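K.L.:
Residue numbers (the UniProt record's numbering): 1 to 310.
For every residue, glycine included, the Cβ atom is placed at its ideal position computed from N, Cα and C.
On a predicted model such as this, the values are computed, not experimentally measured, just so you know.
(1) Can you tell me which of the three DSSP states residue 19 falls into?
(2) Have a look at 48, 223, 229 and 249 and flag the residue whose alpha-carbon is nearest the alpha-carbon of residue 75.
(3) If you follow the alpha helix (DSSP H) that residue 288 is in, where does it begin and where does it stop?
(4) Buried or exposed, going by whether 16 or more other CB atoms sit within 10 Å of the CB of residue 297?
(5) Grouping DSSP H, G and I as helix and E and B as strand, with all else coil, what is residue 49?
(6) Where does residue 226 sit, in a helix, a strand or coil, going by DSSP?
(7) Just mark residue 342 as buried or exposed, buried being the case when its beta carbon has 16 or more other beta carbons within 10 Å.
(8) Do the CB positions of residue 72 and residue 89 come within less than 8 Å of each other?
(9) Going by beta-carbon coordinates alone, are residue 68 and residue 5 separated by less than 8 Å?
(10) How big is the Cα-Cα spacing for residue 180 and residue 147?
(11) How big is the Cα-Cα spacing for residue 31 and residue 101?
(12) Verify whether the separation of the beta carbon atoms of residue 42 and residue 269 is less than 8 Å.
(13) For residue 1, name the three-state secondary structure that DSSP assigns.
(14) Could you give the distance in angstroms between the alpha-carbon of residue 282 and the alpha-carbon of residue 235?
(15) Short of 7 Å in beta carbon distance, which residues of its chain neighbour residue 173, apart from the five on each side in sequence? Order them along the chain.
(16) How many Å lie between residue 287 and residue 310 at the Cα?
(17) Among the candidates 221, 255, 251 and 252, whose CA atom is the shortest distance from the CA of residue 240?
(18) What three-state label does DSSP hand residue 214 in the structure shown?
(19) Among 50, 170, 304 and 118, which one has its Cα closest to the Cα of residue 83?
(20) With DSSP collapsed to three states, give me the class of residue 305.
(21) What would DSSP say about residue 182, mapped onto helix, strand or coil?
(22) Give the single residue among 163, 149, 242 and 17 whose Cα lies nearest to the Cα of residue 8.
(23) Suppose you measure from the CA of residue 238 to the CA of residue 210; what does that come to, to the nearest Å?
(24) Helix, strand or coil for residue 293 per DSSP?
(25) Going by the CB atoms, is the gap between residue 182 and residue 216 shorter than 8 Å?
(26) Where residue 54 and residue 87 are concerned, what is the direct C-alpha to C-alpha distance, given to the nearest angstrom?
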């Protein structure tokens, strides 16, 4: 099972601070680190850490951040041959402030590459080579095109909506694209808090019904529920999995580790939803105990933690 990531990729500069910055406030930087990042790339990295067959497609520049990005993919064993490089381009980077409780604030410099990927720049070989497309729809036009092509060939498309559609508009997501994409996806992953921003509703079942009725969507819905865990909603069933109690150090990338782990166990290893959620919650919990968006477990550690009850 070969999985392609198409979407956000960046460099994260993480500052550990005594308190998160506020207007006209003052904070002390305790530590500073540079990590590979970008939500979509983090997910693919987690799958690769388990030994999954992965590749990534995005547009980057040739600046220092771009060089770090390319090396990061290669170090993780992610096929980078479908990456597009813009001469004199600036890749996306983020500044992330993390306090002692693991809470964070994120600033993003988009650069001039990531959002400028066009469908004509995407190598058409990916539609035949890969079995699963994982995307956060950044940039939206190119990702919608890819989703259509994968769906046309009867392949699996997974969409992870990280932020509310109003924020996604800054990445090219129009209301029309958001409505249309549900025709081409098989799995919709979203946090419950973000889903409530879309629907304006608070009840879990009402939120699920809203997506199914308003977007005519019959695929699977994966919901992360914060401290309450996560669930998979099919048209016939609702599978819940409680979260694990931890002392978080840095929650950056926990959601990426969660969905990357789910995709690996459900699609590559053919585990059922309940077991896949169990592995995913454990991986996300491990990620929260370390700094960096790509600090999730490898396969040996995950299996060991599961056996030990975390």
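P.N.:
In terms of the structure at hand:
(1) Three-state DSSP puts residue 19 in coil, outside helix and strand.
(2) Checking every option, the nearest Cα to that of residue 75 belongs to 48.
(3) That run of the alpha helix (DSSP H) goes 273 to 288.
(4) Buried, by the Cβ-count rule.
(5) The answer is helix: DSSP assigns residue 49 an H, G or I state.
(6) In the structure shown, residue 226 sits in a helix (DSSP, three-state: H, G or I).
(7) With the chain represented from 1 up to 310, any question about residue 342 goes unanswered, as that position is not in the structure.
(8) Not in contact: residue 72 and residue 89 (Cβ atoms no closer than 8 Å).
(9) Taking 8 Å as the cut-off, the Cβ atoms of residue 68 and residue 5 do not count as close.
(10) Taking the straight line joining both Cα atoms gives about 11 Å.
(11) Each residue's alpha carbon lies about 15 Å from the other.
(12) Result no, Cβ atoms of residue 42 and residue 269 do not sit closer than 8 Å.
(13) Three-state DSSP puts residue 1 in coil, outside helix and strand.
(14) Across the structure, residue 282 and residue 235 are spaced so that their CA atoms are roughly 26 Å apart.
(15) Counting only Cβ-Cβ distances below 7 Å, and skipping sequence neighbours, we find 137, 140 and 165.
(16) Cα to Cα, residue 287 sits roughly 12 Å from residue 310.
(17) The shortest CA-to-CA distance from residue 240 to any of 221, 255, 251 and 252 is the one to 221.
(18) Assigned with DSSP and collapsed to three states, residue 214 falls in helix.
(19) It is 118.
(20) Of the three classes helix, strand and coil, the one that applies to residue 305 here is helix, per DSSP.
(21) In the displayed model, residue 182 falls within coil according to three-state DSSP, outside both helix and strand.
(22) Checking every option, the nearest Cα to that of residue 8 belongs to 163.
(23) Cα-Cα distance, rounded: 15 Å.
(24) DSSP, read as helix, strand or coil, puts residue 293 in coil.
(25) Closer than 8 Å, so yes.
(26) Roughly 26 Å separates the two Cα atoms.
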